[in-house]
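First residue of the sequence shown: 213, per our numbering; consecutive thereafter. A virtual CB, placed ideally from N, CA and C, is assigned to each residue, including glycine. Since the model is a prediction, treat every value here as computed from it, not as a measurement.
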Amino acid sequence: MLEDTSFAIRPVDQADEKEVWQPVGDVQKIEEKKQICSFTCENASGKIHFYRDDIVRVTIDPFDGKYDSVSPAVIATPEKVDVHVQEKENGWTLQTKQLTVIIERSPFRLAIYDQEGTLLVRDVQPVCFEAKGRMRCTHALAPTDVVYGLGEKTGVLNKRGAVWTMWNTDVYAPHNLETDPLYQSHPYMMVLKNGHAHGIFFDHTYKTTFDLRHESFYTFTSDGGALDYYVFAGPHPKDVLAQYTHLVGRMPLPPKWALGYHQSRYSYETEQEVRELIDTFRAKHIPLDAVYLDIHYMDEYRVFTFDQKRFPHPQSLVQYAKEQGVHIVPIVDPGVKVDAEYDTYRDGVQKDYFCKYADGTLYKGDVWPGTSVFPDFLKKKVRKWWGEQHTFYTDIGIEGIWNDMNEPSVFNETKTMDEQVVHDGWKTHRQVHNVYGMMMTEATYHGLKKQLKGKRPFVLTRAGFAGIHRYAAVWTGDNRSFWEHLELSIPMCLNLGLSAVAFCGADVGGFAHDANGELLVRWTQVGAFFPYFRNHCAIGFARQEPWAFGETYEQIIKRYIELRYEWLPHLYSLCFEAHQTGVPMMRPLMMEYPNDRETWNISDQFMVGNEVMVAPVMRPYTAHRIVYFPEGRWVDYWTKEKFEGGQRYIVEAPLDRLPIYVKEGAMIAHAKAKLSTFIKDEQLTLYVYTMKEGTSTYTLYDDDGTTFAYEKGEYVHMHIRATFLDDTVYFEVETEGAYEPTWQLRVVFVGDVPSTVVVNGEQRAIEEASIVL
Ligand code: GLC
């Protein structure tokens, strides 16, 4: 492995690649029809297309339509927009209620402003192309601008200072601050400029790079395809998410069980081992909602099979698990073993469903089953066929699938499929590589959805492209049991959330390497507040079940898994918010306090909704940390101690304490801890963190947690407004939806108990600091 030594930086490789970039030239002709402005330059044609007042699309094509986009990301169609066009001496101005686009004639250059006149995008160099089919654009970026998003990237929250590449890649080597790219591609970023946010989405499936190393500009380069990007006006970070997810869709509500605690290992190798695992959770009264079957469940790693010796009775295993309130989630990889006696291989070959070279030969690559072929997920009928194969699982009661290795990963030098493979007719793998995994996951989701007859499927995926959240939750792949990887998981998931992947998490405890009790405790504490909460661990390393490191650690881990279940009504309500607005459950502080520059670069604290802040300890032998509190007063969740915001404090955090802070005035719904989401809540408690004076609001959402009936109004959505005044709390409660909840809502006051409580104009008696709403 010469590239692992200093050989990798020998001078001969450091010479600049000779590139011949050509500008698109001056604008020669322009034509405006409805909300599309078409223009012709010396070397390219282009369009400026308003999708809404606050969303504009820019396309520039120097290749005469040779590279049709195959991106599956955008699902919205343009709405009607009134555009005011004016010709000026140097060019043209196009204006909607929220955006102004200025086209400079000579040479062609764009500048885009929001309605307040904030500059969002400006070509500091003309858009360029290269004969080979590459495109480059260079936009202004002020030295103080902060850049977020870009999906699944290592490093800190702010992505400036590095070059980021989009090319879905399986990386088992330790993920460092510089490890790039990883499994997903989200060519999207959110820029925060003096507290104003805007977004930009380069809808390119080819390999792309974002060069964010410079002080006053950034460069976007695509290895192919005409330039195609969207600008979102903001100005609030939440507006940008609403705008971006208007375009690429929002997450469907997952089944509630997908939000519970999940236990995984590569692998639980026999049916007996899985039963014993579930029995141990139950004997120890530790909540559990899902157990994963990694590759050992299969017959020599053939997907859609069970190993007859290890798993002779899969149906009764799934049934047994369900009786204990646990779902079984098997892994399904895209590689199909080359084996003439294997049905999936035979059927796929007969139907011509596997990826091929242009000359018609099958592409073969090595993965877990040995030599394998790969379904051409770019073809609709292949996706349908693949989805149908899942009756193998759903027929025995399985409701969740884990898609892995779908970059696609191949055990060779390039780590993936040959770029010369052609998909769905004549699209090269070079063009569609980044969307292959998303297309597989779409097939899985739709297959399951059909087969589950009204129940919500759960799909987990490793690879993805912009829009993946429509089908699956995402986990950040093969991390390690390192403290640094625990730290890394926060900015990684925050930026995934800012890239619309609201339902995401990292392997709790770390996948490879050996965890220890302290690390597993600290990681479980953090994981309990991540959207997706799974403990997973690799073959050959220390076991990582909650009891793996002895009684003391087990008790703390158990407490935090229980805490997850106590917080589920809050988390589920936030899931609904993400489903409706695109705003993720787990948020950087910046999202709630964009005008507070102290928050812009915080990578080690996060918000769970708008009024709860988590500040974990992520260092060994450490029982304290520094916490930044944004403006307002904050209450320690455990001790009820108060903190005045706008400053930092050193807080104590012994091993059994995850620092959690709730904003004064906030309301948070909790349930009683329970062993599984299978158990219905009879009572929820709304903790009201009282304040002297002021108003706060809370939205509690619930439904049956398993079906799509919520789409037809079968939900309960409580909008609660609390006004604190003169020792009295006035609640105004409005309830929407047709779902009859299984619970009663009790209000408990935290802090000073008011002397009077009025609910919708009616005075209520307070007993033991609580009332029933
Ligand atoms: C990959 C996955 C990991 C899984 C393993 C075996 O490394 O990222 O989660 O356990 O494959 O299937």
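- The Cβ atoms of Ser476 and Tyr509 do not sit closer than 7 Å to each other.
- At the C-beta level, Glu823 and Ala878 come within 7 Å of one another.
- A Cβ-Cβ distance of about 5 Å is found for the pair Gly858 and Glu843, placing them in contact under the 8 Å criterion.
- For Thr420, there is no enclosing alpha helix (DSSP H); the residue is part of the beta strand (DSSP E) that begins and ends at 420 to 423.
- Below 8 Å, enough C-beta pairs join the region 379 to 398 and the region 621 to 637 to call them touching: three or more.
- In this structure, DSSP gives Glu979 an extended state, which the three-state scheme calls strand.
- Going by C-alpha positions, Glu512 is about 8 Å away from Trp580.
- Using a 10 angstroms sphere on the CB of His261, the tally of other CB atoms reaches 16 or more, which defines it as buried.
- Excluding the 5 residues flanking it on each side, Gln455 has same chain C-beta neighbours closer than 6 Å at Asp266, Ile267, Phe444, in chain order.
- Using a Cβ distance threshold of 7 Å, Val863 and Phe961 do not count as a contacting pair.
- In this structure, the ligand GLC has no non-hydrogen atom nearer than 6 Å to the beta-carbon of Gly752.
- By the neighbour-count criterion, in which 16 or more other beta carbons inside 10 Å mark a residue as buried, Leu937 falls on the exposed side.
- Counting along the chain, no alpha helix (DSSP H) covers Met402; the unbroken beta strand (DSSP E) around it starts and ends at 400 to 405.
- Contact annotation: Thr954 and Lys892 have beta-carbon atoms nearer than 7 Å.
- Contact check for Gly303 against Glu291 fails: the beta carbons are separated by 7 Å or more.
- Looking from the CA of Thr517, the closest CA among Gln601, Met803, Thr573, Lys259 belongs to Gln601.
- Taken through DSSP and simplified to helix, strand or coil, Phe890 comes out as coil.
- Ile507 has its Cβ nearer than 6 Å to a heavy atom of the ligand GLC.
- Counting only runs of 4 or more residues that sit fully inside the region 451 to 510, the alpha helix (DSSP H) segments are 483 to 495, in chain order.
- Between Ala865 and Val839, the C-beta spacing is not below 7 Å.
- Secondary structure at Ala790: helix, using DSSP grouped into helix, strand and coil.
- Considering only Gln737, Tyr942, Asp914, Leu985, the residue with the shortest C-alpha distance to Met903 is Tyr942.
- Placement of the Cβ of Tyr478 at a distance of less than 6 Å from at least one heavy atom of the ligand GLC is found.
- With the rule of 3 Cβ pairs closer than 8 Å, the region 699 to 714 counts as touching the region 363 to 376.
- Contact between the region 281 to 299 and the region 448 to 466 is present, with at least three C-beta pairs closer than 8 Å.
- Taking a cut-off of 8 Å on C-beta distances, the region 323 to 343 does not touch the region 670 to 687, as fewer than three cross pairs fall below it.
- Remark: C-beta atoms of Ala533 and Ile498 do not approach each other more closely than 7 Å.
- Setting aside the 5 residues that flank it on each side, Glu427 is surrounded in the same chain by Pro355, each with a C-beta closer than 7 Å to its C-beta; the list follows chain order.
- By the Cβ test, the region 434 to 453 is not in contact with the region 654 to 664, since fewer than three Cβ pairs between them sit closer than 8 Å.
- For the region 594 to 675, the full-length beta strand (DSSP E) segments reaching 3 residues or more read 612 to 615, 670 to 673 along the chain.
- With a contact defined as Cβ atoms closer than 8 Å, Ile608 and Val544 miss out at about 14 Å.
- The distance from the Cβ of Asn615 to that of Met651 is about 11 Å, inconsistent with a contact at the 8 Å cut-off.
- By the 16-neighbour rule on beta-carbons within 10 angstroms, Pro223 is exposed.
- For Trp376, the pairing in a beta bridge is given by DSSP as Phe422.
- Around the beta-carbon of His525, fewer than 16 other beta-carbon atoms lie within 10 Å, marking it exposed.
- By the 16-neighbour rule on beta-carbons within 10 angstroms, Trp850 is exposed.
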